[in-house]
Structure formats: structure tokens, C-alpha cells
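To start, the structure itself, in C-alpha cells.
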Amino acid sequence: MLLPFAHFDINDMKAERYLKHIERLIRQRPSSGPSLRSYGELARLMIRAEPAHQPKTTTNEHLRINGKNGVPLFSRGDLPLDFEATSFLLNRFFSYLSETKRKDKSGLAKALEQSEKGLEWNDRLFAAILKQDEHMLAALAGEVDLDPLTLLFLGKTALRPSLEAFRRLMEEIMDEKPWHYGYCPLCGSPPDMACFTRTGKRSLHCELCGQEWAFTRIGCPFCDNRDPENLGYFEAEGEEGWRVYFCNSCHRYLKTIDSRVFEEVAPLELESLATLHLDLVANRNGYQ
Ligand SMILES: [Zn+2]
Ligand SMILES: [Zn+2]
């Protein structure tokens, strides 16, 4: 059975709200202005993205989340994404950024040249990101004299509309099954953030596709350590509503926002960009 297409229909209202969140966060956290502003520029290009991103059709046997065995719906390398539209968007990023005053604009111009030759170079980049192939990413970055982290960020951002379309389609058609694991039920990726909901439950946010799912309040999603002696959190001064939970068994950490403390919570990828200083503190304390 073929399933319907879904469009990444970020309509004007929603787009406007998204950009308003960015402006509000910049006002509230001037120190995160540079990273939020450059993301905002990409978001503007993303919102106007044409053609619309459509996840590939898929058959319904893919759609049973196996809650018992903990098998996610897809693996990162097999996600039915619209790579053509994603590639088109990435070209726009390279083209726009290579015209700015950035220090790495000549690298961005080289990347644009590569990506304009055909889909192959961009496809290799998307494959490297999805399969978390650091060697491939470093090799591609080396070919165009760019920092691998810049290339990773741009590639991931270009994938976002297609991932969003995929996630929405899955939400419409998949069976709701209990899922208690520390990785994403849709794509198997680890969380990059967590949130306490208004009812005090903890939900995790997938670092790749943005899916959110409920997880136990106490316990490390990365290694499943539940020993309170080996778990902890810290709060930064003047940051009520934010905690960084850490695990002394696997040395990972998770930034967590308590939505009960805030009037408004932005999409978590924006909240994460607004709190990069918390990542620095966690890194400095030996957590990854
Ligand atoms: Zn995911
Ligand atoms: Zn752990």
C-alpha cells in the first residue's frame, strides 16, 4: 500500500511564530545573539524553501514500532527523506553564505561549486551526517576547506524540513505504542535535549528528527543507568528553569528545560542554540 505524501507546509503564521521565537530569545539572551542570528538567516531561507519537501512513500509494514524489542521504525541511514529538495536547500545556504562577510566564505563558495556539479557531493554529505561517518565528513570538509562542524551544521539544517515532513507523516499514520527507550522511536538517534512538560513528565527530544517521546524522570537515557548515586544535575546561576542532568557512569549530559517555569517555550532546537553556554559548562566538567 502506498501512503500519502506530506508537505512541509510551514505556513506563514507558523513561519512568523518561529522567527518571533528567535527574536525573543535574542532579546532575552543577548550573549547567544550571534548563533541565533545566523540560524535565523538560514531559517528564513528554509521557510521559503521550494520545492516542498516530501518524504518518500513507504509501505505500511514499516510502520509498526516494536515497543517490546526496542526496534525503531527506521535506521538513520534508511530514512525516507527528500534528498533532492534537501540538496536544493543546501545549495541556497552555500550560495547565500558565500556572499556574506564570513571568514570562511571562500570555503563556502567551493562547497557551492561542488554541490552545483550534481547531487553526488551533497548526497555524500547527507550520508556522512546520517550515518555519523566522521571520516567522510572530515574528508568532504577538507575538499572545500571548511570546518567539519560548519558543514555538519549546514547539512543538518538543510535536512530539517525533510525530517520535519517525515516526522509529521509518521505521526499521522503510525500506531501509538509505548516506547520506554533512551533513543528515538522513529530514527534511533539519541536525545539532544529534554523537557519537563506542564504536568511534570520528562520528554526527550531527538537530536536528528526532532521527535519527542516520554521517558522516566530519573535515569540516564544514554546508558540506562538508574542509580541515583551516579546521577546528578547542576543549575547555572540566574538560569531558573534550566538544569543540566549528567551521568557519572557514561559521562553524558542532557540539557533540560522546565516548561512550567516559562510562559513560552520555543521549539527545542532554538532553546538549545540559546543555551550553548550550558554545553560549555558541561564539557568543562568532563561531560560529553
Ligand atoms: Zn529521531
Ligand atoms: Zn549514562
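Numbered according to our numbering, the sequence shown spans residues 1390 to 1677. Glycine included, each C-beta is placed from N, C-alpha and C at the ideal position. All values reported here derive from a predicted model rather than from experimental measurement.
Determine the direct distance from the alpha carbon of residue j to that of residue i, and round the result to whole angstroms.
i	j	result
residue 1416	residue 1430	16 Å
residue 1716	residue 1486	Any answer about residue 1716 is impossible in this case: the structure gives the chain only from 1390 up to 1677.
residue 1646	residue 1476	33 Å
residue 1558	residue 1432	21 Å
residue 1602	residue 1482	31 Å
residue 1490	residue 1422	17 Å
residue 1499	residue 1599	30 Å
residue 1552	residue 1519	11 Å
residue 1712	residue 1502	With the chain running from 1390 to 1677 in the structure shown, residue 1712 is simply not present.
residue 1588	residue 1611	24 Å
Would you list the one or two residues that DSSP bridges to residue i?
i	result
residue 1580	1595
residue 1646	1584, 1631
residue 1601	1594
Please find out if some non-hydrogen atom of ligand 1 comes closer than 7 Å to the beta-carbon of residue i.
i	result
residue 1576	yes
residue 1677	no
residue 1417	no
residue 1573	yes
residue 1600	yes
Could you check if residue i is buried or exposed, using at least 16 other CB atoms within 10 Å of its CB as the buried criterion?
i	result
residue 1594	buried
residue 1504	buried
residue 1540	buried
residue 1538	exposed
residue 1411	buried
residue 1671	buried
residue 1531	exposed
residue 1659	buried
Looking at chain C, is there any beta carbon in it that lies within less than 8 Å of the beta carbon of residue i?
i	result
residue 1629	Absence of chain C from the displayed structure is noted, only one protein chain being present.
Exercise. What is the chain-ordered set of residues for which the beta carbon lies under 6 Å from any non-hydrogen atom of ligand 2?
Worked result: 1609, 1611, 1612, 1614, 1636, 1638, 1639, 1641
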